[in-house]
Amino acid sequence: NDISAYIPTNVISITDGQIYVQGDLFNSGFRPAINVGTSVSRVGGAAQTGAMKSVSGKMKLELAQYAELAAFSQFGSDLDTATSATLERGKRTYEVLKQPQYDPLPEPFEILTIWAVTNGHMDSIPVEKVRDFETQFHQFVKRGHPKLITLLSNGEKINEDTTKELEKAVTAFKKTFK
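The sequence shown lines up with residues 63 to 240 when you count with my numbering.
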């Protein structure tokens, strides 16, 4: 049951901190099965671009809330609307973090996806359709909003203008998504 062998040495070396692995993440198909809520890194944030920092902080908080609520919700069946919504978004967030082996996403597309899921644009998408949504959204942005890819690639934090472009792109895409 030692899943630490599945963590590439480059992941260990770049964290410059402590990594906590989690068996249930591993069994769910997450490789490396790093618990982002309890792992600590002194350089992780410094190595991120401004745009990635803009979206990843919110995602990390939402994943921590989801993990807490998911454990808690096993003991009771009566959940209020806000708790149910947090659990549902958490499922979608974990789904977008799954990535096929040897098929990394370019950073602007990672940012697009994380921004869309953490801002509620995938809340109405069934969990089993999240991968399709993500793939088609990336193609839609490549074809119709190349400026957005450039904005997300420049290394700067997401500003008001970029947020407007993101909103415009995801709203237009959702009208076409089947």
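From the three backbone atoms N, C-alpha and C, an ideal C-beta is built for every residue, glycine too.
Find out if the Cβ-Cβ distance for the pair residue i, residue j is shorter than 8 Å.
i	j	result
H32	L174	Within the shown structure, residues of the chain are numbered from 63 to 240, placing residue 32 beyond reach of any answer.
P166	I211	no
E157	D185	no
K153	V179	no
Y128	T143	no
K219	A113	yes
I176	V117	yes
T155	E124	yes
L213	T224	yes
Q198	F137	no
Could you give the distance in angstroms between the alpha-carbon of residue i and the alpha-carbon of residue j?
i	j	result
G91	K160	8 Å
A231	S146	27 Å
A234	K209	15 Å
L131	K115	24 Å
A133	N181	23 Å
Which residue comes first and which comes last in the alpha helix (DSSP H) that contains residue i?
i	result
E229	222 to 238
F121	One detail in the question is off: residue 121 reads as Met in this sequence, not Phe. Per DSSP, M121 belongs to the alpha helix (DSSP H) from 112 to 135.
P170	169 to 180
H200	192 to 206
L149	143 to 159
Who are the near neighbours of residue i in its chain, counting only those whose CB is closer than 8 Å to its CB and skipping five residues on each side?
i	result
K204	I211
G217	T111, G112, A113
Which same chain residues end up closer than 7 Å to residue i when comparing Cβ atoms and leaving out the 5 residues on each side of it in sequence?
i	result
V192	R154, E157, V158, M184
Can you name, in chain order, every residue of its own chain whose Cβ lies under 6 Å from the Cβ of residue i, other than the five neighbours on each side?
i	result
H207	A231
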